[in-house]
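The next block holds one structure in the form of structure tokens; read it before the comments.
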Amino acid sequence: MTPAINLVKKQKLAHVVHEYVHDAASTSYGLEASEKLGVAPQQVFKTLVIRLDAKTLAVAVLPVSEQLSMKQAAKALGAKKAAMASQVDVERSTGYVLGGVSPLGQKKLLATVIDESALQFSTVYISAGRRGLELELAPEDLRSITRGVFFKVV
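When we follow my numbering, the leftmost residue of the sequence shown carries the number 4, and every step to the right adds one.
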């Protein structure tokens, strides 16, 4: 079990764990998950850790088929600027390795923005905290457990 799976179980949230064989040669973990699980890329969400105003870290959750708008992410989280966090900062703050970063069960709860497109689905897929492992849950449960906000960030 990963910290993400343990958290949804502890919170008694409806969820499904999906596992697939991760291809080490894959460079797009989210698109790989979409393909191997047979789910539209718009319904599989990636977790990006960003740095706000060159200080604090935050999380952006968006479809794997999309690019994050740093301007929109900063606006959603009340900052002037946003930039991608370094790999070292991501892994240190979340406890996960790149390609397996989940918005759930991180070492420290970070401010979180979830692209509002999640609301068009009854469930979305997010990393369960390891490459080859996805969690399926309701968007509102994702927002609730992360204490996040929905906002257009793509």
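All C-beta atoms, glycine included, are put in the ideal place defined by N, C-alpha and C.
Using DSSP bridges, identify the partner residues of Pro66. Stepping through the sequence shown from its first residue, residue 66 is reached at position 63. Per DSSP, Phe48.
Use the C-beta contact count for Ala36: other C-beta atoms within 10 angstroms, 16 or more gives buried, fewer gives exposed. What you label residue 36 is simply residue 33 of the sequence shown in a count that begins at 1. With 16 or more other Cβ atoms within 10 Å, it is buried.
Return yes when the Cβ of Val67 is within less than 8 angstroms of the Cβ of Gly33, no when it is not. In the sequence shown, counting from the first residue as 1, residue 33 sits at position 30. In the sequence shown, counting from the first residue as 1, residue 67 sits at position 64. Contact: yes.
So which of Lys12, Arg146, Leu55 has the shortest CA-CA distance to Asp92? Taking the sequence shown and counting its residues from 1, the one referred to as residue 92 is at position 89. Selected option, being the one with the closest Cα: Leu55.
Give every residue of the same chain whose Cβ lies closer than 8 angstroms to the Cβ of Leu112, excluding the five residues on either side of it in the sequence, and list them in chain order. Indexing the sequence shown from 1 puts residue 112 at position 109. Closer than 8 angstroms at Cβ, skipping near neighbours: Thr149, Arg150.
Grab the span of the alpha helix (DSSP H) containing Gly33 for me, first residue to last. Numbered from its first residue, the sequence shown carries residue 33 at position 30. 32-40 is the extent of the alpha helix (DSSP H) around Gly33.
Among Ala82, Ala17, Leu140, Thr97, the one whose alpha carbon lies nearest that of Arg133: Locating residue 133 in the sequence shown gives position 130, counting from the first residue. Among Ala82, Ala17, Leu140, Thr97, the Cα nearest to that of Arg133 belongs to Thr97.
Taking the alpha-carbon of Glu226 as reference, which of Ala76, Ser125, Ala82, Gln46 has the nearest alpha-carbon? Residue 226 is absent from the structure shown; the chain starts at 4 and stops at 157.
Quick one: Cα of Lys58 to Cα of Thr115, how far? Mapped onto the sequence shown, residue 58 falls at position 55. Mapped onto the sequence shown, residue 115 falls at position 112. Looking at the two C-alpha atoms, the distance is approximately 15 angstroms.
Own chain, CB closer than 6 angstroms to Asp118, minus 5 neighbours either side, in chain order: Within the sequence shown, the letter at position 115 stands for residue 118. So the list reads Leu65, Val156, Val157, once near-sequence residues are dropped.
Looking at C-alpha atoms only, which residue of Asp144, Gly103, Leu107 is the closest neighbour of Ser29? Looking up residue 29 in the sequence shown gives position 26. The residue with the shortest Cα to Cα distance from Ser29 is Gly103.
Best match in Lys84, Ala7, Arg146 for proximity to Val19 [C-alpha to C-alpha]: Mapped onto the sequence shown, residue 19 falls at position 16. Comparing Cα positions, the closest option is Ala7.
Suppose the cutoff is 8 angstroms on Cβ atoms and the five residues either side in sequence are ignored; what does the same chain contact list for Gln90 look like? Along the sequence shown, read from residue 1 onward, the residue named residue 90 stands at position 87. Contacts found: Leu101.
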